[in-house]
Amino acid sequence: MAPRILLDATAVPADRGGLGRYVDGLLTALHALGADLAVACQRVDEQRYGALAPGARIVAGPAALAHRATRLAWEQSSLPYVAESVEADVIHLPTYAMPVSCSLPAVVTIHDVALFAEPEVHDPVRTSYVKSATRTAVRRASRVIVPSRATRDDLVRMLGADPTHIDVAYHGVDHTVFHRPDEIEIRRVSDRLGLHGHPYVAYLGALEPRKNVPNLIRGWVRACADLPDPPALVLAGGGGWDDEVDAALATVPMHLRVLRPGYLPWPSLPGFFGGALVVALPSRGEGFGLPVLEAMACGAPVLTTRRGSLPEVGGEAVAYTEPHPAAIGAALTSLILDPEGRAKLAEAAHARSQEFSWTASAEAHMASYQRAVEQREGSRGSRTH
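Here full-length UniProt numbering is used: the first residue of the sequence shown is 1, the next is one more, and so on.
Here it is in structure tokens:
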């Protein structure tokens with residue numbers, strides 16, 4: 001009999017971002033596979049999750065869960081009682097923290113080890129908590145899910161995690177949302193950005209140090225400073241804390257154009273990605289690299305790095321660069337001046353993106369939930385003999 005799963009979605013932020021896309025895609029696919037589901041969430045998301053998984057038991061927590069400190073306390077004190085009330089067999093925590101007093105098997109997703117790899121560039125208070133919670137999850141969770149082999153290997157190397165308790169489940173991509181755009185979609189985004197058909201290099205993501213945005217800016221300047229009709233640089237997305245971004249922007253020559261439109265509505269992302277000359281995401285490390293896959297699904301030529309999991313996502317269907325400005329500049333120059341090469345990359349990227357689906361991801365998650373339940377039953381059986 002399939003286990004009843006309580007998915008704790010209370011950590012999904014208002015802007016949704018990568019965690020929101022992960023939870024939405026996974027929950028939809030789990031429902032389609034016939035999983036026995038319950039979902040704990042913030043009140044603002046109650047209707048959303050009810051629509052994504054009709055028939056699932058949706059438990060909305062108190063309004064105060066919008067505040068991070070309250071949510072973390074609720075997760076420790078109240079989530080185990082929610083699990084009991086819905087008669088769950090296993091709890092899935094889709095981000096690093098777990099309730100330490102829970103008697104049920106817990107499956108925890110650890111997306112990356114960025115705070116262990118580069119702790120000095122992150123907020124020290126948050127870094128201390130996340131590192132502690134991650135260590136606890138590695139030690140106490142029944143199973144740990146990671147989105148790539150690279151993240152699994154990092155957990156084993158940096159935290160001494162038991163590789164036999166780690167399950168790799170690649171993220172998927174919603175091909176109905178992220179698709180090759182038509183000319184109307186491309187023009188609508190271009191006009192909204194004020195570009196009106198002018199070429200641009202696209203970036204989407206948070207402005208946090210590992211995303212390497214300052215070096216992207218410097219590399220783009222190197223590539224475009226002497227071009228007669230230089231493409232703009234569009235830095236979309238929001239959040240983050242990279243103080244070097246403003247310093248890098250201050251060095252941009254007056255004749256080059258940088259746009260920072262903030263968050264873009266979901267329906268505009270295919271036009272944004274697919275309308276770009278290049279989607280540049282030269283991160284210094286990722287647990288998976290969801291924007292890379294989403295840009296590939298939109299038929300965009302993508303430039304990224306070989307750091308972390310990114311080669312597992314891009315394969316031979318994207319262009320690669322080292323993360324420093326000179327290499328990024330040279331790679332962008334090569335792509336900007338080679339329309340035929342960009343077209344071949346775009347075709348290969350779209351084809352490779354079809355290999356990733358939330359259905360396959362959900363199947364891997366279901367296998368992990370089953371292992372967690374069987375481990376708990378096995379440990380109980382061994383204690384009775």
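Note that beta-carbon positions come from the ideal geometry of N, C-alpha and C, so glycine has one too.
Predicted model, so just to flag it, every value in this text is computed and none were measured.
Just how far apart, CA to CA, sit residue i and residue j?
{"i": "T134", "j": "I110", "result": "7 Å"}
{"i": "residue 386", "j": "G61", "result": "Within the shown structure, residues of the chain are numbered from 1 to 385, placing residue 386 beyond reach of any answer."}
{"i": "R192", "j": "Y263", "result": "13 Å"}
{"i": "E322", "j": "L115", "result": "21 Å"}
{"i": "L256", "j": "P94", "result": "41 Å"}
{"i": "R260", "j": "V245", "result": "11 Å"}
{"i": "A319", "j": "S283", "result": "13 Å"}
{"i": "L7", "j": "D24", "result": "11 Å"}
{"i": "T251", "j": "Y96", "result": "38 Å"}
{"i": "L269", "j": "A69", "result": "32 Å"}
{"i": "H179", "j": "G299", "result": "7 Å"}
{"i": "T28", "j": "E347", "result": "28 Å"}
{"i": "R157", "j": "A117", "result": "11 Å"}
{"i": "L303", "j": "D162", "result": "34 Å"}
{"i": "I184", "j": "D89", "result": "48 Å"}
{"i": "A73", "j": "R21", "result": "24 Å"}
{"i": "R149", "j": "P311", "result": "11 Å"}
Report all residues from its chain with a CB closer than 6 Å to the CB of residue i; omit the five preceding and five following residues, and keep chain order.
{"i": "L204", "result": "A236, G237, P291"}
{"i": "A169", "result": "I145, S361, A364, H365"}
{"i": "A2", "result": "D36"}
Write down the C-beta distance between residue i and residue j rounded to the nearest angstrom, noting that I regard them as a contact closer than 8 Å.
{"i": "P147", "j": "G287", "result": "5 Å"}
{"i": "F353", "j": "A276", "result": "According to the sequence displayed, residue 353 carries Ser and not Phe. That pair is no contact at about 16 Å."}
{"i": "W358", "j": "G172", "result": "3 Å"}
{"i": "P301", "j": "L332", "result": "Wrong, their Cβ atoms sit about 11 Å apart, outside the cutoff."}
{"i": "I5", "j": "H92", "result": "6 Å"}
{"i": "L233", "j": "V258", "result": "5 Å"}
{"i": "W266", "j": "V177", "result": "6 Å"}
Which residue marks the beginning of the alpha helix (DSSP H) containing residue i, and which one marks its end?
{"i": "R68", "result": "68-77"}
{"i": "D153", "result": "149-159"}
{"i": "R342", "result": "339-353"}
{"i": "A248", "result": "244-249"}
{"i": "R210", "result": "R210 -> no alpha helix (DSSP H), and no H or E assigned at all."}
Using a Cβ-Cβ cut-off of 7 Å (strictly less than) and excluding sequence neighbours within five positions of residue i, which residues of its own chain qualify?
{"i": "R143", "result": "V107, H165, D167, S368, R371, A372"}
{"i": "D242", "result": "L207, E208, P209, V213, P214"}
{"i": "P325", "result": "N215, R218, G219, R222"}
{"i": "G18", "result": "L290"}
{"i": "P199", "result": "P231, L277"}
At which residues does the beta strand (DSSP E) containing residue i begin and terminate?
{"i": "I91", "result": "90-93"}
{"i": "I186", "result": "No beta strand (DSSP E) contains I186, which is instead part of the alpha helix (DSSP H) from 183-192."}
{"i": "Y203", "result": "200-204"}
{"i": "G61", "result": "Where G61 is concerned, there is no enclosing beta strand (DSSP E), given that its DSSP letter is neither H nor E."}
Using a Cβ-Cβ cutoff of less than 8 Å, which residues in the same chain neighbour residue i once the five nearest sequence positions on both sides are dropped?
{"i": "V113", "result": "T134, T151, D154, L155, M158, L159, G287"}
{"i": "R57", "result": "L37, A38, V39, V86"}
Return yes when at least one heavy atom of the ligand ZN lies under 8 Å from the C-beta of residue i, else no.
{"i": "R143", "result": "The ligand ZN is absent from the structure shown, which contains no ligands of any kind."}
Cβ contact check for the stretch 30-40 and the stretch 49-58: 3 or more pairs under 8 Å: yes
Three-pair Cβ contact test at 8 Å for the stretch 299-309 versus the stretch 135-143: no
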